[in-house]
Amino acid sequence: MLAKNKKTKFRYVWNFPGFGGWTAIFFGFLYVPIFVLVCYSFNSSKFAMIWTGFSFRWYAKLFSNDDIQTATINSLIVAFAAAPLATIIATFSALALVRGGEFRFREFSNGLITLPLMVPEIVTAVATLIFFASLGINFGLINVIIAHTVFCIPFAFMPIKAALEAMDPNLELAARDLYSDKTSTFKTITLPLLTPGILSGFMLAFVISIDDFIITLMVAGGGSTTLPVYIYSMVKMGVSPEVNAVSSLMLGFSIFIVSLYWFFNRKINN
Amino acid sequence: MNIQGENKTQNRIYSLLPLWIVVGIFMIGPLLVMAVVSLMESNVYGGVHFKFSLSGYRQILFDTNLFDEIEFNPAYLIIIGRSFMLALVATFISLLIGFPAAYFISRQSNRVKNILIFLVTIPFWTNLLIRTFAWIIILGKGGVIESSFNFFGLLDEESSLNLMYTNSAILIGLVYSYLPLMVLPIYASMEKMDLRLLEAATDLYSNRIELIRKIILPLSMPGIIGGSILVFVPCLGAFIAPDLLGGGKKLLLGSLIQFQFSYARNWPFGAAMAMFLLALVILVLIFNARLNRKHREYASQK
Numbered sequence: 000m001l002a003k004n005k006k007t008k009f010r011y012v013w014n015f016p017g018f019g020g021w022t023a024i025f026f027g028f029l030y031v032p033i034f035v036l037v038c039y040s041f042n043s044s045k046f047a048m049i050w051t052g053f054s055f056r057w058y059a060k061l062f063s064n065d066d067i068q069t070a071t072i073n074s075l076i077v078a079f080a081a082a083p084l085a086t087i088i089a090t091f092s093a094l095a096l097v098r099g100g101e102f103r104f105r106e107f108s109n110g111l112i113t114l115p116l117m118v119p120e121i122v123t124a125v126a127t128l129i130f131f132a133s134l135g136i137n138f139g140l141i142n143v144i145i146a147h148t149v150f151c152i153p154f155a156f157m158p159i160k161a162a163l164e165a166m167d168p169n170l171e172l173a174a175r176d177l178y179s180d181k182t183s184t185f186k187t188i189t190l191p192l193l194t195p196g197i198l199s200g201f202m203l204a205f206v207i208s209i210d211d212f213i214i215t216l217m218v219a220g221g222g223s224t225t226l227p228v229y230i231y232s233m234v235k236m237g238v239s240p241e242v243n244a245v246s247s248l249m250l251g252f253s254i255f256i257v258s259l260y261w262f263f264n265r266k267i268n269n
Numbered sequence: 000m001n002i003q004g005e006n007k008t009q010n011r012i013y014s015l016l017p018l019w020i021v022v023g024i025f026m027i028g029p030l031l032v033m034a035v036v037s038l039m040e041s042n043v044y045g046g047v048h049f050k051f052s053l054s055g056y057r058q059i060l061f062d063t064n065l066f067d068e069i070e071f072n073p074a075y076l077i078i079i080g081r082s083f084m085l086a087l088v089a090t091f092i093s094l095l096i097g098f099p100a101a102y103f104i105s106r107q108s109n110r111v112k113n114i115l116i117f118l119v120t121i122p123f124w125t126n127l128l129i130r131t132f133a134w135i136i137i138l139g140k141g142g143v144i145e146s147s148f149n150f151f152g153l154l155d156e157e158s159s160l161n162l163m164y165t166n167s168a169i170l171i172g173l174v175y176s177y178l179p180l181m182v183l184p185i186y187a188s189m190e191k192m193d194l195r196l197l198e199a200a201t202d203l204y205s206n207r208i209e210l211i212r213k214i215i216l217p218l219s220m221p222g223i224i225g226g227s228i229l230v231f232v233p234c235l236g237a238f239i240a241p242d243l244l245g246g247g248k249k250l251l252l253g254s255l256i257q258f259q260f261s262y263a264r265n266w267p268f269g270a271a272m273a274m275f276l277l278a279l280v281i282l283v284l285i286f287n288a289r290l291n292r293k294h295r296e297y298a299s300q301k
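Those protein sequences? They're chains R and Y, same order as listed. Numbering that gives the first Met the number 0 puts the first residue of the first sequence at 0, with every later residue one more than the last. Numbering that gives the first Met the number 0 puts the first residue of the second sequence at 0, with every later residue one more than the last.
See the structure below:
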């Protein structure tokens, strides 16, 4: 009897009572607001806060709102320009930093990549605003694309670096032994093996660009409003049910891309 | 060999060149220009008057009154203090909520662990503005909380709990924004923990509280420190939570800086404030690097 008791205690020694419930509350805290937002986007009432019945009315209204459509198109243009640029820069940097061994500018380059993560976003935002304004750079969406590219580099870099570190360098050496030249080794061995990592980096950079708000708010001029900036101006004017609908769509989109990234990575790891 | 070596160096430089150019021009460049602007005189009509002046920095502490006399003005000091306090409290609350959750997740099977960690990361990748805005629906006048109070007859239709536009509302927003950043590093350090230590301690008659205090807490310290930095730093410069949930009345450092550029149009002062925030963050990061080094030395001594 005593022995049995001791055994149960022994097995469960690392389980603490109440931690499971606490974790449930933790996840509730993270997800209840998102859930509430999505529920309220189906509310038929004209007042965002009062529930009167189920309806798709606000989603339908989105499709007749020209401003939202322009903002969405702007967001997509920026993300489809900034994310590939950031991914290309990140890929070349990762190749040099992971495969380059020890060299003089290593620490400096690592620092440059993480810099956009260290500096508070509001500081990056106003610094970029001052920079563009004082140099008279005013190319509308291109300003936004430049700012996003810089900010997306570290996010694109992380999965690419991880993929390179996980790759077996012997494969490249074997190809070289078999008289494959540098270019064709890169094309036939390195690049195909790295493609999943590059795609993951692209997806993360894309999500970061689509969701970015603070930098865009400061940098974007009048004609280059993106969707988050538009949502912000709607929220500032007062919560309308349309905001709930467009916000729910955005959340759904981000969650979809990140889930895609996750399943994608799990496949690689298996 | 020599030629090949040189070739390799050149290749590295070519592949790092885009990074150096893009981040150098569009990240370091702006920070330098901002540093210069913070040392300029402000123009009455907004923008910058290119003349050296420390007025941007002086304005953080002093104000010029109607009679052109310089007097002490604590308004911005209060904002800095409030930012600091709220960031500290938000970090502490995140730790309280995150620590048990991180521990619980780290003790699950691999499959469950992966799914739970994925669920922790999802909010990080979704739009912070939208997630914060969702709290307006919950806390706001006639929102989820007030209408459920109404439903149970705890509150009559006319009155309001006034949950919005308070420090507590900002605090909820801050914790909600950055909580995943607390859990992930703590989880990472707990996952590596040797469970046999817990067994050994239990065999030596440790109770659960001692297990946490003497084993789990010290071993997950690197994660706790890392997570606290990851939460504290963005809280210090937060803009969205104070703007939406504080209603722009309770300014924090981040929203004050944004305000200077969007409405007040006092660029040198805004730039000086941003430099101040940047300096604070650098101090925190240096402190963190020191702590990490100490920890590593301590670990290698053992």
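In this text, a Cβ means the ideal position worked out from N, Cα and C, and glycines have one as well.
Kindly indicate if chain Y contains any beta-carbon less than 7 Å away from that of residue i.
i	result
R:L192	no
R:V257	yes
R:I136	no
R:P83	no
R:D66	no
R:I121	yes
R:L29	yes
R:I197	no
R:L248	no
R:L177	no
R:V125	yes
R:A95	yes
Report the three-state DSSP secondary structure of residue i (helix, strand or coil).
i	result
Y:K248	coil
Y:T63	strand
Y:Q9	helix
Y:S166	Looking at the sequence provided, one finds Asn at residue 166 of chain Y rather than Ser. Here Y:N166 sits in helix by DSSP.
Y:E209	helix
R:K220	Before going on, a small fix: residue 220 of chain R reads as Gly here, not Lys. Note: R:G220 maps to coil in three-state DSSP.
Y:A237	coil
R:Y229	helix
Y:Q257	helix
Y:K191	coil
Y:I104	helix
Y:V35	helix
R:Y178	coil
R:M166	coil
R:L1	Note that R:L1 scores 46 on pLDDT, short of 50, meaning its location in the model is unreliable; the coordinates nonetheless yield the value given after this. Helix.
R:R265	helix
With which residues is residue i paired in a DSSP beta bridge?
i	result
Y:I69	Y:T63
Y:V47	Y:S41
R:F53	R:N42
Using a Cβ cut-off of 7 Å (strictly closer), state whether residue i contacts chain R.
i	result
Y:I114	no
Y:R295	no
Y:M33	yes
Y:I181	Checking the sequence shown, residue 181 of chain Y turns out to be Met, not Ile. So, not an interface residue.
Y:T125	yes
Y:I224	no
Y:R110	no
Y:M189	no
Y:N1	Since pLDDT at Y:N1 reaches only 37, below the 50 mark, its modelled position is unreliable, and the value read off the structure follows with that caveat. Answer no: the Cβ-Cβ gap between Y:N1 and chain R never drops below 7 Å.
Y:S14	yes
Y:I136	yes
Y:V230	no
Y:L18	yes
Y:R11	yes
Y:F260	yes
Y:M26	yes
Y:G253	yes
Y:P221	no
Taking C-beta to C-beta, are residue i and residue j nearer than 7 Å?
i	j	result
R:F41	R:F53	yes
Y:I185	Y:S227	no
Y:A263	Y:I169	no
Y:L290	Y:I224	yes
Y:L18	R:I88	yes
R:P83	R:I112	no
Y:F238	R:I67	no
Y:R110	R:W13	no
Y:I256	R:V125	yes
Y:W134	R:P32	yes
Y:S37	Y:M181	no
R:H147	R:S208	yes
R:V77	R:V143	yes
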